[in-house]
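K.L.:
Got a structure for you, written out below as structure tokens; questions coming shortly.
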Amino acid sequence: MWRPRTTRIVAYITAGAIVLGMIVLAVMVAPQFKLFDRILIIVFGLVVAWVLHMLARCHVAADESGLTVVNAFRTRRLEWPEVLDVTMSVGEPWPTLDLADGTSFGAMGINGTEKALAARQLAELQALVRQRGEAPDPQ
Numbered sequence: 001m002w003r004p005r006t007t008r009i010v011a012y013i014t015a016g017a018i019v020l021g022m023i024v025l026a027v028m029v030a031p032q033f034k035l036f037d038r039i040l041i042i043v044f045g046l047v048v049a050w051v052l053h054m055l056a057r058c059h060v061a062a063d064e065s066g067l068t069v070v071n072a073f074r075t076r077r078l079e080w081p082e083v084l085d086v087t088m089s090v091g092e093p094w095p096t097l098d099l100a101d102g103t104s105f106g107a108m109g110i111n112g113t114e115k116a117l118a119a120r121q122l123a124e125l126q127a128l129v130r131q132r133g134e135a136p137d138p139q
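Using the UniProt record's numbering, you'd call the opening residue of the sequence shown number 1 and step up by one each time.
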């Protein structure tokens, strides 16, 4: 399984800080704010934390039959023959999976900002695609 480290750490720390901040704000806010307003402040913090969790959960998992790509708001299961290539140019936020149906799909579970980790994870994924996919190895 491939997943970014820094993204997860930053997202969960930020989510915790936001929820804690919203709770403190709801307790300390001026008296003209009613209970309903205070609850909405906390709910807003929880919604922001949920979005950050969705970003932090991204990963790419491989097994014998294919790949499972979990992006922020979409999970996609791909069989090995469906994946033709994996590419990631310098400066791209995550790799792109080129699919047999002519479309492409981003894999947010490998984060380009973590350069060394992303390069290693990309190489591992490319090797698996070459090994298990239908496309012949171009050599």
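Glycine is no exception: its CB is placed at the ideal position from the N, C-alpha and C atoms.
Since we're looking at a predicted model, the values are computed, not measured.
Measure from the alpha carbon of Ile13 to the alpha carbon of each residue in Val48, Gln126, Met28, then state which is nearest.
P.N.:
Translated into positions along the sequence shown, residue 13 becomes position 13. Comparing Cα positions, the closest option is Val48.
K.L.:
Which whole-angstrom value describes the C-beta separation of Ala62 and Leu128, a residue pair presumed to lie in contact below a C-beta threshold of 8 angstroms?
P.N.:
Here residue 62 refers to the residue found at position 62 of the sequence shown. Here residue 128 refers to the residue found at position 128 of the sequence shown. Ala62 to Leu128, Cβ: 6 angstroms. Contact.
K.L.:
Please give me, in chain order, every unbroken run of the alpha helix (DSSP H) with length at least 4 that falls completely inside the segment 5 to 90.
P.N.:
6 to 28, 35 to 56
K.L.:
Could you please give the first and the last residue of the uninterrupted beta strand (DSSP E) stretch that includes Asp98?
P.N.:
Along the sequence shown, one-based indexing puts residue 98 at 98. Unbroken beta strand (DSSP E) run through Asp98: 96 to 99.
K.L.:
Rank Ala30, Val27, Asn111 by C-alpha distance to the C-alpha of Gly91 and give the top, closest one.
P.N.:
If you number the sequence shown from 1, residue 91 lands on position 91. Checking every option, the nearest Cα to that of Gly91 belongs to Asn111.
K.L.:
Please report the straight-line C-alpha distance between Asp137 and Ala15, rounded to a whole angstrom.
P.N.:
If you number the sequence shown from 1, residue 137 lands on position 137. If you number the sequence shown from 1, residue 15 lands on position 15. Caution is warranted here: a pLDDT of 49 is assigned to Asp137, below 50, making its placement in the model unreliable, and the coordinate value is therefore given only provisionally. Whole-angstrom Cα-Cα distance: 44 angstroms.
K.L.:
Can you tell me the Cα-Cα spacing of Leu40 and Leu46, whole angstroms?
P.N.:
Residue mapping note: residue 40 aligns to position 40 of the sequence shown, counting from 1. Residue mapping note: residue 46 aligns to position 46 of the sequence shown, counting from 1. For Leu40 and Leu46, the distance between alpha carbons rounds to 10 angstroms.
K.L.:
Against chain C, with Cβ distances strictly below 8 angstroms, would Asp98 count as a contact?
P.N.:
Protein chains in the displayed structure number just one, and chain C is not present.
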